Amino acid sequence: MADVDTSFFLYIPGKKSLDIVQDLAEHGFGHLDEIKKHVSFLYNVDKKPMAIQFDTTDGNNDFITYPVPEQTKRVTILFKARGAKDADTGTPYGMFWAGWQRGEYQSLLRHNHSNQIKGPIGQTNLKPDDIVSDWHDFRLVFEVASDNKAMTAKAYIDNKLRHITEQYVRQNTEWAGAGNYIAFGDYDGSTNGFARYLYLLLIFDEDVSELSLSQLSQRVGFDLTNIPALVNDKDPPSKRPAFKPNGITMFAHEVNKDAAWVDPATIHNDKIDLDCLPYSKNKALVIQKKPPSFDIKKTVSSITVSSDGSPGTFKTIAEAIDVAQPGTIIFIRKGLYKEKLKITKPDITLIGENPANTIIYGYEADVGGIDGNILVEVSLQGESFNACNLTFYNKGAEWNKTWGKAERRSVAFAVRNVGKGFVRNCIFLGQQDTLYLRSGRLYMENCYVEGEVDFICGGATVFFQNCQIHSIYYPQGGYITAAAPADSGGLGFDNGYVFNQCIFTADPALEQAKPVYLGRGAWQNGSNGKGPAKVVIQNSIISKISGKTGWTDWDTESTAERQFFREYNNTGEGAIQGERPGRKVLTDQEYQTLYSTPEQVLGYTPQLPW
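Written out as structure tokens, the structure reads:
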């Protein structure tokens with residue numbers, strides 16, 4: 001630590017010890033029990049430490065802490081850093097996670113793999129700027145308001161303000177203990193961190209916003225502008241094998257992993273237990289366990305799929321779709337169908353024997369954004385599509401978790417421009433973006449949907465009738481809906497999502513995680529160029545965890561306040577009985593005239609073609 005003002009603290013790597021943990025400890029940092037796994041020195045040609053590297057590409061969060069003097073009202077954190085891009089995905093690693101914990105309350109700023117800076121709520125996209133491939137100067141400023149509780153956080157990159165948040169949260173202090181301290185490192189569960197830092201300068205209370213790095217260098221007696229040559233400075237190598245799994249399914253031997261580790265959510269004898277679903281272990285409450293048998297003889301145009309290739313049948317669903325004519329009903333006998341499907345033919349109906357034993361399953365796990373992670377996609381031009389008695393199970397997130405957690409998206413089912421859709425008694429299993437309802441109109445009845453983050457997303461108009469919406473465990477909490485501005489494909493019924501007589505449940509372990517939100521404001525400008533996003537939850541049962549925190553912002557532009565998020569006549573511990581800040585209620589007139597029937601919302605009467 002340099003001999004500088006008492007309001008300044010400067011960490012220069014290797015200044016006090018050549019052992020990195022001891023060096024951090026002698027400088028006064030805490031939370032060092034596991035830190036050796038994630039930090040290392042970077043040296044110059046003379047083997048002198050010149051930088052510290054922070055690496056959590058093993059998927060385990062870690063950070064260091066430094067005490068903040070009592071009565072401090074402002075903390076400025078300065079550092080010169082260079083990040084890296086994931087060799088497998090091209091997306092950046094998170095460069096920093098910095099939080100000020102003041103008793104029970106916390107404000108934070110973080111950079112993530114989507115090249116965004118986020119606060120406790122909201123985010124700012126840095127695209128197309130590349131801030132990870134070269135050295136940049138970062139200045140994070142946390143300031144306490146006059147009420148001695150609220151906090152504002154600002155992030156400057158190369159002296160330019162890139163993000164500001166006035167949000168702060170009551171934070172469970174078990175992560176590092178209560179107190180008054182700065183935490184710095186990587187504690188973002190959705191992003192692996194990797195960056196190099198030439199120094200870390202903490203300034204308490206003094207406003208140095210008008211001082212340049214050169215002026216600050218004079219104050220601390222150290223050149224904050226210098227970039228030394230480093231000899232052992234390498235980006236993280238690729239983690240993936242040179243090949244992808246055979247077909248769509250990842251087997252343990254293909255990735256040199258124990259079978260139980262690769263796919264712990266096993267499916268026994270090509271069946272799933274509706275009372276204990278594979279991943280969540282949850283019970284599907286609304287699914288009809290013994291749906292009426294389908295009489296194919298009563299249909300005009302139908303074909304059959306059988307996984308054993310019985311005479312007169314197709315062995316795969318894809319083969320049946322290839323030969324199907326518009327209006328065909330495809331009857332799918334029980335089986336585990338490891339397929340990726342894209343349906344572009346109009347008026348197709350898929351009907352299985354039972355969602356417990358008729359399963360479309362795969363590790364669909366490309367990393368090209370949401371469109372690269374879809375298991376079953378229906379993309380039409382305003383025609384119809386129907387599905388009954390099927391399970392859509394995308395384990396794509398498992399593949400991505402194996403190779404660095406670069407992408408959690410695992411879309412089980414996606415629709416685009418479906419003019420009239422009917423989905424009954426189906427199960428949808430994924431993690432992030434389980435249902436991608438891009439555009440069009442869809443009626444869903446007696447369906448089960450589970451996921452963690454934005455697991456019902458997109459701009460379609462969808463009426464959910466008697467469906468179960470389940471939030472699976474994720475330490476970072478989650479978001480049930482991420483509705484884009486409503487887009488019925490030009491059909492004039494841009495009404496968004498309506499959940500009627502549904503059940504919202506959640507893993508009890510989420511009580512100890514970060515919040516679960518009913519939804520967040522998303523994408524101010526949707527595919528139809530109009531807003532707002534619309535979600536209505538009515539006549540439904542909302543569990544304590546599902547409804548505890550209500551709605552939240554996507555970022556400072558796409559806020560919850562700007563969307564049409566409404567609740568009406570709900571029950572359960574998470575339901576509201578009247579309007580309160582951040583949660584609005586439909587009027588009786590709105591309900592009766594706009595939302596009380598599927599016909600009002602969708603503009604058609606849902607019915608199956610038999």
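Here the sequence shown stands for residues 1 to 610, where the numbers follow UniProt numbering.
We put the beta carbon where it would ideally sit given N, CA and C, even for glycine.
Source: prediction; values computed, not measured.
Here residue 500 really is in contact with residue 538; their C-beta atoms are around 6 Å apart, less than 8 Å.
Per DSSP, the beta-bridge partners of residue 100 are 107 and 182. For residue 180, same chain residues with a beta-carbon under 6 Å away, outside a window of 5 residues either side, are 68 and 102 in chain order. In its chain, beyond the 5 residues on either side, 44 and 45 have a beta carbon closer than 8 Å to the beta carbon of residue 229.
As a beta-bridge residue in DSSP terms, residue 432 pairs with 409 and 453.
Burial state of residue 231 is exposed, judged by a 10 Å Cβ sphere holding fewer than 16 other Cβ atoms. Burial check for residue 161: the Cβ neighbour count within 10 Å stays below 16, so the residue is exposed. Residue burial is scored here from C-beta neighbours: residue 580 has fewer than 16 other C-beta atoms within 10 angstroms and is therefore classed as exposed. Counting every other CB atom within 10 Å of its CB across the protein chains shown gives residue 36 a total below 16, marking it as exposed.
Secondary structure at residue 349: strand, using DSSP grouped into helix, strand and coil. Setting aside the 5 residues that flank it on each side, residue 465 is surrounded in the same chain by 443, 444, 445, 446, 500, 501, 502 and 598, each with a C-beta closer than 8 Å to its C-beta; the list follows chain order.
Rounded to the nearest whole angstrom, the C-alpha separation of residue 583 and residue 192 is 34 Å.
Taking the Cα of residue 97 as reference, the smallest distance to any Cα among 77, 87, 85 and 345 is reached at 77. The Cβ-Cβ distance between residue 602 and residue 441 falls below 9 Å. For residue 151, the pairing in a beta bridge is given by DSSP as 144. When secondary structure is reduced to three states using DSSP, residue 37 falls in the helix class.
Short of 6 Å from the beta carbon of residue 573, and not among the five residues preceding or following it, lie these beta carbons of its own chain, in chain order: 544. When C-alpha distances from residue 149 are compared across 126, 72 and 456, the shortest belongs to 72.
The three-state reading of DSSP puts residue 92 in strand, counting E and B together. Assigned with DSSP and collapsed to three states, residue 62 falls in strand.
In this chain, the beta strand (DSSP E) harbouring residue 420 covers 420-424.
For the pair of segments examined, the stretch 371-384 was found to touch the stretch 337-352: the number of CB pairs separated by less than 8 Å reaches three. For residue 219, the enclosing alpha helix (DSSP H) covers residues 213-220. Taking a C-beta distance under 9 Å as the contact criterion, residue 195 and residue 93 qualify as a contact pair. By the neighbour-count definition (other C-beta atoms within 10 Å, threshold 16), residue 106 is a buried residue. Residue 30 sits in a strand when the DSSP states are folded into three classes. Taken through DSSP and simplified to helix, strand or coil, residue 511 comes out as helix. Residue 391 is positioned such that its CB atom lies no closer than 9 Å to that of residue 351. When the five nearest sequence neighbours on each side are left out, the beta carbons in the same chain lying within less than 7 Å of the beta carbon of residue 213 are those of 137, 224 and 225, in order along the chain. Here residue 31 really is in contact with residue 64; their C-beta atoms are around 6 Å apart, less than 8 Å.
Taking 9 Å as the cut-off, the beta carbon of residue 80 is found closer than this to the beta carbon of residue 135. Annotation for residue 317: the continuous alpha helix (DSSP H) segment containing it runs 317-323. Scanning the stretch 453-495 from its first residue to its last, the whole beta strand (DSSP E) runs of 3-plus residues come out as 453-458, 461-465, 468-471 and 478-483. When secondary structure is reduced to three states using DSSP, residue 117 falls in the strand class. Take residue 461, set aside five residues on each side of it, and the residues of its chain with a beta-carbon closer than 7 Å to its own are 441, 486, 488, 493, 494, 495, 496, 601 and 602, in chain order. Distance between residue 455 and residue 142, taken at the CA atoms: about 33 Å.
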